[in-house]
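Trainee: So the sequences go chain by chain: Y and L. Here the numbering used here is used: the first residue of the first sequence is 42, the next is one more, and so on. Here the numbering used here is used: the first residue of the second sequence is 41, the next is one more, and so on. Cβ coordinates follow ideal geometry from the N, Cα and C atoms, glycine included. These numbers were taken from a predicted model, which means no experiment stands behind them. Take this structure, written in structure tokens, and hold onto it; I'll ask about it next.
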Amino acid sequence: MHYQLEIALRQSEGALARVLGTAQRRGYAPIAMQAATDPRAPAWTLSMTVESERSAHGLKSQLDKLHDCLAVEVAPCR
Amino acid sequence: MNGAEWLVKALEAEGVDTLFGYPGGCIMPFYDALLGSTMKHVLVRHEQAAALAANGYARHSGRVGVCVATSGPGASNLVTGIADALLDSVPMVCITGQVPTHLMGTDAFQELDVFGMTLPIVKHSYLPRSVDELPTVLHEAFDIARSGRPGPVLIDLPKDVQLAKADHLPAPAPITSPPVVNAVPVGLVDALSLIARSKKPVLYGGGGIAIAGATKAFRRFVAATKMPTVLTLRALGALPFDHPQFLGMLGMHGSRAANLAVQESDLLVVVGARFDDRATGKLAEFAPHAKVIHLDADLGEINKLRRADVSVHGRIDHSLNALCAERVAKHAARYDAPGSDIYAPALLKRLSELKPDAIVACDVGQHQMWVAQHWGFKDPTHHLSSAGLGTMGFGLPAAIGAQLSNPGATVVCVSGDGSIQMNIQELATVARERLPIKIVLLDNQALGMVRQWQELFFHERYSAVDLSDNPDFGLIAQAYRIPAMRLDARADQERVLAEFLAIDGPAFLHVAIDQKANVWPLVPPNKSNTEMLDAPAQADAIAHADAKEFVHALPT
């Protein structure tokens, strides 16, 4: 199963590594990712595609717990 | 005032009264600022013990534990204690020195990327590159450490940030955390409906009860519903051990009554527990007929391993209060072991009777499970056990932390001959601080739990478990000026225990036990909790007939 993640992140030390590491450790293999700073705020916007047999809810609930994650949306890829 | 001095004032304002640490080059400005502080600094003898002592302090007191180390090896030595805190949800703030910012990334002396190393084992971490960040960092660090599901927060502090002028920073003030969200009403209504329809409900309590300070609410809920109750290792004490509704500990070394009740139940009300594999056995066969109501402060735990029919996210005490609207005797433990040697379960039960209000810190292995099974806990904050990470060496530093958080309490450290040697240097800390900890060493001259598994599941092929060349532990204790006694025979048990407990100040009891004494009952790995073994005859059958089936599953 492939999932598409759209994440807003604080622009803080280690934020990108924390998200990527959480996804990998929880069993969601990254397939593609793209990140950019948000010109309107001190934040990153991160788009990531992951592959896993596990549920989308499982990853979203873990990412939601990260202090740096401002918003997380996860949806199955079509 | 420099950054380090501001930080010390801020920790004082936060209410920190004790911190555990070890100085070194890059944390020297902080240690300089500590002189004259109202906080008590406890000098441990290894940084791992600083993290574990802060961990034990936090577990018993409910306050945030603080530890300090220098950069490089000092910081990396903290890692196990930080990981232990993450897995058991213990609030900690860990402060490490770092090389000056202009040297970061140059492989400078004692430079180590501790921020990167600890990313997977912290709730959050900070690396402030300017003194101006300190107020925000400190405020958030304490807030994050204790809010929601507690956990460890790292502050990696470059030396130049510690030395930078900080006169312009705001005066430190204590931090208040916002309350956790209340349970959503729809979950409560559905939960009440499920409870009303169930015929064989079981209450399954976990470590989240004590973390949330919900012990009273949990007990009120048990009284109101009269539900049979099982507890995880981390929850022992949430219901008094002799409560009529308490069936015992759940899981691998849990009671048969607890495991069978859960397996036969039609409803599990799970309170602050996470379906840990040591509690559930083979997850696919765990409580196969039960619907699940899951109450937890951490949404990430709900539906993680077992689908919840009803989830109630929010503060456990609020949820339980809103919801409040003969197996034990049959399967009770026996203490009449044959022979004249010391029988560890009976010894621990007797100690528990002699010191019913003691705080007990234990290490990891057979003695840890005997403590869980045979000590009569009445309060979950009195049982300090490394449940999630299983950290050998946890016991002595955790006992130090607990004693410092509650100087008037009786603190007992129960350890094994393997575990004690992981942090035995902390006897120096016990001696220096004159902490009246009673250390009970159960010595079977082996790594007992590994030996037990090799006996049962590896065809009695004993590999690297022999400790028959142990040192004289009593002499070691005495070398640290701690009085030591030895207990070898059951006939001497009452007298020796009385003399040992009467010693004013720290004391060390070296107890010789039978190497072949195993922990029963036992659920074999990758088996359901109904298949637990509690008699040597059953174990023999497994060891000789069915061992191959388990080998692939070990060691998990």
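Can you tell which of L:492, L:497, L:550 and L:498 has the C-alpha that lies nearest to the C-alpha of residue 523 of chain L?
Mentor: Minimum Cα distance to residue 523 of chain L is reached at L:550.
Trainee: Scan the stretch 149 to 175 of chain L for residues whose Cβ lies nearer than 9 Å to a Cβ of chain Y and list them as they occur along the chain.
Mentor: Within the stretch 149 to 175 of chain L, the qualifying residues are 155, 156, 159, 160, 163, 164, 165, 166, 167, 168 and 169.
Trainee: Nearest-angstrom Cα distance between residue 145 of chain L and residue 195 of chain L?
Mentor: Their backbone Cα atoms lie some 18 Å apart in a straight line.
Trainee: I want to see whether chain L comes within less than 9 Å of residue 68 of chain Y, judged by CB atoms only; does it?
Mentor: No, its Cβ sits nowhere closer than 9 Å to a Cβ of chain L.
Trainee: Using a cut-off of 7 Å between C-beta atoms, extract the partners of residue 343 of chain L located in chain Y.
Mentor: What residue 343 of chain L touches in chain Y: 98.
Trainee: Less than 9 Å separating the beta-carbons of residue 95 of chain L and residue 434 of chain L?
Mentor: It is a contact, given that the beta carbons lie within the stated cut-off.
Trainee: Using alpha carbons as the reference points, say which of L:183, L:547, L:376 and L:545 lies closest to residue 51 of chain L.
Mentor: With distances taken between Cα atoms, residue 51 of chain L lies closest to L:183.
Trainee: State the start and end residues of the unbroken beta strand (DSSP E) segment that holds residue 49 of chain Y.
Mentor: Counting along the chain, the beta strand (DSSP E) containing residue 49 of chain Y begins and ends at 43 to 51.
Trainee: Verify whether the separation of the beta carbon atoms of residue 64 of chain Y and residue 85 of chain Y is less than 9 Å.
Mentor: No, these two residues do not count as a Cβ contact at 9 Å.
Trainee: What does residue 184 of chain L reach in chain Y if we use C-beta pairs closer than 8 Å?
Mentor: In chain order: 108.
Trainee: Is the beta carbon of residue 192 of chain L closer than 9 Å to that of residue 162 of chain L?
Mentor: Yes, Cβ-Cβ distance for residue 162 of chain L and residue 192 of chain L is below 9 Å.
Trainee: Taking the straight line between their C-alpha atoms, what separation do you get for residue 325 of chain L and residue 70 of chain Y?
Mentor: Answer to the nearest angstrom: the Cα atoms are 28 Å apart.
Trainee: What is the rounded straight-line gap between the Cα of residue 250 of chain L and the Cα of residue 492 of chain L?
Mentor: If you take the alpha carbons of residue 250 of chain L and residue 492 of chain L, they lie about 31 Å apart.
Trainee: Buried or exposed: where does residue 132 of chain L fall if 16 or more other Cβ atoms within 10 Å of its Cβ makes it buried?
Mentor: By the neighbour-count rule (16 or more Cβ atoms within 10 Å), residue 132 of chain L is buried.
Trainee: In three-state terms, what does DSSP make of residue 479 of chain L?
Mentor: Residue 479 of chain L falls in the strand class under three-state DSSP.
Trainee: Using the DSSP secondary-structure output, state which residues sit across from residue 86 of chain Y in a beta bridge.
Mentor: Answer by DSSP bridge pairing, in chain order: Y:49 and Y:77.
Trainee: Please list the residues of the stretch 338 to 364 of chain L that have a C-beta atom closer than 8 Å to any C-beta atom in chain Y, keeping them in chain order.
Mentor: Under the 8 Å Cβ criterion, the stretch 338 to 364 of chain L contributes 338, 339, 340, 342, 343 and 344.
Trainee: Tell me which same chain residues have a C-beta within less than 6 Å of the C-beta of residue 98 of chain Y, skipping the five on either side of it?
Mentor: Taken in chain order, the list of residues that qualify is empty.
Trainee: For residue 59 of chain Y, return the contacting residues in chain L, with the cut-off set at a CB-CB distance below 8 Å.
Mentor: Neighbours of residue 59 of chain Y on chain L, chain order: 159.
Trainee: Based on the DSSP output, what are the partners of residue 116 of chain Y in its beta bridges?
Mentor: The partner list for residue 116 of chain Y (beta bridge, DSSP) reads Y:45.
Trainee: Any beta carbon of chain L sitting closer than 9 Å to that of residue 94 of chain Y?
Mentor: Not one chain L Cβ lies under 9 Å of residue 94 of chain Y.
Trainee: Should residue 284 of chain L be labelled buried (16 or more other beta-carbon atoms within 10 Å of its own) or exposed?
Mentor: So residue 284 of chain L counts as exposed.
Trainee: Cβ closer than 9 Å: which chain L residues qualify as neighbours of residue 103 of chain Y?
Mentor: Near residue 103 of chain Y (Cβ distances below 9 Å), the residues of chain L are 340 and 344.
Trainee: To the nearest whole angstrom, what separates the beta carbons of residue 276 of chain L and residue 289 of chain L, a pair I think is in contact under 8 Å?
Mentor: Confirmed, Cβ separation roughly 6 Å.
Trainee: Does the CB of residue 189 of chain L have a neighbour CB from chain Y at under 9 Å?
Mentor: Closer than 9 Å: yes.
Trainee: Could you tell me which chain L residues have their CB closer than 7 Å to the CB of residue 114 of chain Y, listed as they occur along the chain?
Mentor: What residue 114 of chain Y touches in chain L: nothing, since even the nearest Cβ is about 16 Å away.
Trainee: Any beta carbon of chain L sitting closer than 9 Å to that of residue 54 of chain Y?
Mentor: Answer yes: the Cβ-Cβ gap between residue 54 of chain Y and chain L drops below 9 Å somewhere.
Trainee: Under the assumption that residue 373 of chain L contacts residue 252 of chain L (Cβ atoms under 8 Å), give the Cβ distance between them as a whole number of angstroms.
Mentor: No, residue 373 of chain L and residue 252 of chain L are not in contact; Cβ-Cβ is about 30 Å, not under 8 Å.
Trainee: By Cβ distance, which residues of its chain are closer than 7 Å to residue 129 of chain L, with the 5 residues on each side in sequence left out?
Mentor: Only 189, 190, 191, 247 and 251 meet the Cβ criterion.
Trainee: Looking at residue 197 of chain L: is its Cβ nearer than 9 Å to the Cβ of residue 150 of chain L?
Mentor: Not in contact: residue 197 of chain L and residue 150 of chain L (Cβ atoms no closer than 9 Å).
Trainee: Starting from the C-beta of residue 118 of chain Y, find all residues in its chain whose C-beta is less than 6 Å away, skip the five residues before and the five after it, and write them out in chain order.
Mentor: Once the five neighbours on either side are set aside, the close Cβ partners of residue 118 of chain Y are 43 and 45.
Trainee: Do residue 306 of chain L and residue 238 of chain L have their CB atoms nearer than 9 Å?
Mentor: Cβ distance < 9 Å, so residue 306 of chain L and residue 238 of chain L count as in contact.
Trainee: Threshold first: 4 residues or longer. Then list the alpha helix (DSSP H) segments lying entirely within the stretch 428 to 460 of chain L, N to C.
Mentor: Counting whole runs of 4 or more residues, the stretch 428 to 460 of chain L contains the alpha helix (DSSP H) stretches 435 to 445.
Trainee: In this structure, what does DSSP give as the bridge partners for residue 282 of chain L?
Mentor: Answer by DSSP bridge pairing: none, since residue 282 of chain L is not bridged.
Trainee: What do you get for residue 41 of chain L, buried or exposed, if any count of 16 or more other CB atoms within 10 angstroms of its CB means buried?
Mentor: That one is exposed.
Trainee: Name the two residues that bound the continuous beta strand (DSSP E) containing residue 497 of chain L.
Mentor: No beta strand (DSSP E) contains residue 497 of chain L, which is instead part of the alpha helix (DSSP H) from 488 to 497.
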